[in-house]
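In this text, residue positions in the sequence shown follow numbering that gives the first Met the number 0: the first is 0, and each later residue adds one.
Don't be surprised by glycine CBs; every beta carbon is placed ideally from N, CA and C.
Treat the numbers as computed from the prediction; the structure is a model and nothing was measured.
Reviewing the structure listed below.
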Amino acid sequence: MDNSLEPVRWRAGIVAAFAVLLLAIYPQVSFWLTRGANWRGAEAQAHGDEVVYAAYVRALIDGRPRRNDPYTGRDDTREARQAESYFSIQFIPAYMVALPARMSGASTAQAFIALTCVAALASALAVFWLVALLTGDERVAASAVLVVLCCGSSYLLFEYLLGRGISNNHLSFMRRYLPSAPFPFLFIFCALAWRMLSSDGRRARFLNALAAGLTFALLVFSYFYLWTTAAAWLSCLALLWLALRRDERRRAVTLFTVVGLLALAALIPYFLLLSNRAGTTDDALLLTRTHAPDIFRLPEIIGGVVLLALAFGARRGLVSWRAPRVIFAASFALTPFVVFNQQIVTGRSLQPFHYQMFSANYLALLALVLAATLLRRGTRRTSQDTSQTVSHDTSQSMPQTILHSTPQSMLPSTSSSTPQSVLSGTSQSMSESTSRRISSRVLVVCALAAFCSGAAETFLASRRFMQGNIFRDEAIPAAARLAALARSTPEAGLDTRSVVFATHITIADNLPAVAPQPVLWSPHLFNFPGVTLEEDRERLLQHLFYAGVGFADVDAGRFDTLDNRRRWYLASLVRRARLNPNLTADWQPVTPAEVRAALQAHATYVAAFDRARAARPMLSYVLTSTFEQVDFSNLDRFYERDAGERVGEFTLYRVRLRP
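Now the structure itself:
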């Protein structure tokens, strides 16, 4: 019987899972310790896009429809139907977080903190289960948990050591709620596929195929980069399995067909939802049309090394290509090449760096762990076979030598076969014992090194985001005040129409995660449907006008010397994401001509600003902080402000459009 199908002993996996949990929860614990009694309830964010997911979850907690827009307040109603967004299509993880929070009365921040703990434990145990099934060794599986999950996002540490800045990601699989909520199901899907192909009974194989298909369906409505990675991996596995294990082809075709039919059943409604997406969704997601290959990503390099190592091992007789474990390792290694180069066929590339951060990197490391384990076992087996051969030869010749040179009384009184069995058994036992000790040391060293890498990343990310998290936390009372105002008239329902002008874009971005009122503009405004490029651009110009941000002294030829704030604003006026070369396959730096065009557009807008523009949209609140100096002279030309309400370090004004 295959030992990979025996019951898994979870003790080592639980220890590894709690190690991952410790790393995942460290930013929050550090944030709590830093804030102490001043903590206002904010979660410690360590990934740049978590805020937009928090805003969508907050809307669901408030009972708003699946097709909602927390930044503009434009929700789906019978009178005003809304298009699909990538939030409303990938709805399962959002409801996984929102529904328990709604039932328990938890805030978005509390729900995200709880998700951190659950996702860390579930991800670690899912990886452990998969590797334990594939290797039959819980020690290897526990070490693999730390290697795969901690080293899968080591870019931050390398960037820091090389002096290239610090990225937005640490333990990137923990970004809330995507991909953290559905992330464990990628490995559960792989484990079910293994059990589908390895189980002895017909019924067991079918049930595992059914479970794998349902898990894939869950991934489809969870996260694009996870389900496409799962589809690419399953395709690689099916091709390798059918090509290398021809004697099982008929059974394998049946099993893969079951999974494929369930996947198709999920993809049909998925693509129907996708066909109803907003026209701006492709622009928001920076969809690029290209057929250019992409073959030098780090996961591809790791995958290539694994394939070469397996080929070398097969040539030396250490492994066999037909072995199921080798096929699985090879399929994991091939997957990065598929996901990074599918555009050669489809002609469409959608922010491929997400594969490098959230899926392909982990499968490449998984392939590396499996290949190293298989090759090590092959080397051990070869060594033991050689040891047994040497022992056999020695034990056969030894009695003849001893007869001529040793007194008869010192010779063993057993039969001639005894020296062979004793020496061979002793040699084999010593070889296995030494090999086991070496393997244990290697596993401990790898696990500790991976944990230290993850700890360094976590520390760096926590330190980098600390000031921003403190600023967000200071704004919680003001946001809670707005939320209370939105519910002050129950007969009128939740207020999702009174627009808030938050002078600081960080606060504007985070307000919808607490309060239901829409905002004038924020960096994530365009991520939801219904906001065209033109409207997003005009709202940004309006935000800059009210905040008194000017560009009169800017030289288009010296764009790179501008302060980060104004440089980011100008780049956003040119086009979204022009400062980040990782987002698109055809990225180009901002040119002086584009800067001049943006400056001219800003000047023209300011010169033509009138009351009609001030009313689109009409403001109800202005929120500003004591941490910034804002020139309200432009705002006061068109709006009347009340005396203001001081809430902590923030001041909330009620405003009214002047007659």
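CB of residue i within 7 Å of CB of residue j, strictly
i: L170; j: S142; result: no
i: R471; j: N509; result: yes
i: L129; j: A190; result: yes
i: A265; j: V337; result: no
i: T488; j: T623; result: no
i: L236; j: S330; result: yes
i: R655; j: E639; result: yes
i: T287; j: T76; result: no
i: P335; j: A359; result: yes
i: T372; j: V126; result: no
i: P522; j: I504; result: yes
i: T280; j: Q342; result: no
i: S29; j: S632; result: no
i: A449; j: V252; result: no
i: L148; j: A16; result: no
i: L484; j: F550; result: no
i: A105; j: L59; result: no
Local Cβ density within 10 Å of residue i, reported as buried at 16 or more and exposed below that
i: R538; result: buried
i: H353; result: buried
i: I475; result: buried
i: N2; result: Here N2 scores only 49 on pLDDT, less than 50, and its place in the model is too uncertain to base an answer on.
i: A242; result: exposed
i: N37; result: exposed
i: P69; result: buried
i: E42; result: buried
i: G200; result: exposed
i: W232; result: buried
i: C451; result: exposed
i: I294; result: exposed
i: P580; result: exposed
i: W552; result: The question names Trp, yet the displayed sequence has Asp at residue 552. So D552 ends up on the exposed side.
i: R249; result: exposed
i: D562; result: exposed
C-alpha gap between residue i and residue j, whole angstroms
i: R557; j: V589; result: 11 Å
i: S198; j: R204; result: 6 Å
i: F649; j: V117; result: 34 Å
i: V646; j: A93; result: 31 Å
i: A18; j: C445; result: 14 Å
i: A592; j: G47; result: 29 Å
i: R565; j: V344; result: 40 Å
i: R636; j: N275; result: 42 Å
i: S416; j: M356; result: Below a pLDDT of 50, predicted positions are generally treated as unreliable, and S416, at 40, falls in that range; the measurement from the model is reported next regardless. Answer to the nearest angstrom: the Cα atoms are 60 Å apart.
i: F544; j: V629; result: 11 Å
i: S122; j: G212; result: 19 Å
i: R324; j: W240; result: 11 Å
i: L306; j: L333; result: 8 Å
i: W586; j: F608; result: 33 Å
i: A478; j: F464; result: 20 Å
i: A229; j: N207; result: 16 Å
i: R245; j: L238; result: 11 Å
i: F327; j: R314; result: 18 Å
i: T603; j: L349; result: 34 Å
i: L447; j: A283; result: 41 Å
i: F186; j: G547; result: 51 Å
Nearest-angstrom beta carbon gap, residue j and residue i [assumed within contact, 8 Å]
i: I91; j: L225; result: About 11 Å; that fails the 8 Å criterion.
i: S179; j: F172; result: 6 Å
i: V605; j: L569; result: Between L569 and V605 the Cβ distance is about 14 Å, and since that is not below 8 Å, they are no contact.
i: L691; j: E83; result: Because the chain spans 0 through 658 in this model, residue 691 falls outside it and cannot be assessed.
i: I469; j: R34; result: 7 Å
i: A277; j: G529; result: 6 Å
i: Q27; j: T115; result: 7 Å
i: W193; j: L133; result: 6 Å
i: Q81; j: R57; result: At roughly 17 Å, the Cβ-Cβ gap does not stay under 8 Å, so Q81 and R57 are not in contact.
Heavy atom of the ligand SAM within 6 Å of residue i beta-carbon
i: R615; result: As presented, the structure is devoid of all ligands, the ligand SAM included, so that no description of it is given.
Within-7 Å CB hit, residue i to chain D
i: N563; result: Judged by its chain identifiers, the structure shown contains no chain D, having just a single protein chain.
>> Count Cβ pairs between the segment 41–61 and the segment 93–113 that sit closer than 8 Å; are there 3 or more?
In response: At 8 Å Cβ cutoff, the stretches touch.
> Is the segment 484–503 in contact with the segment 613–624, if contact means three or more CB pairs nearer than 8 Å?
Replying inline: Yes, the segment 484–503 is in contact with the segment 613–624.
>> Would the segment 298–307 count as touching the segment 355–367 if we require 3 or more Cβ pairs under 8 Å?
In response: yes
>> Using 8 Å as the cut-off, can you tell me whether the segment 78–90 makes contact with the segment 512–524, which would need three or more C-beta pairs spanning the two stretches below that distance?
In response: no
> Is there contact between the segment 18–38 and the segment 454–461, where contact requires at least three CB pairs shorter than 8 Å?
Replying inline: yes
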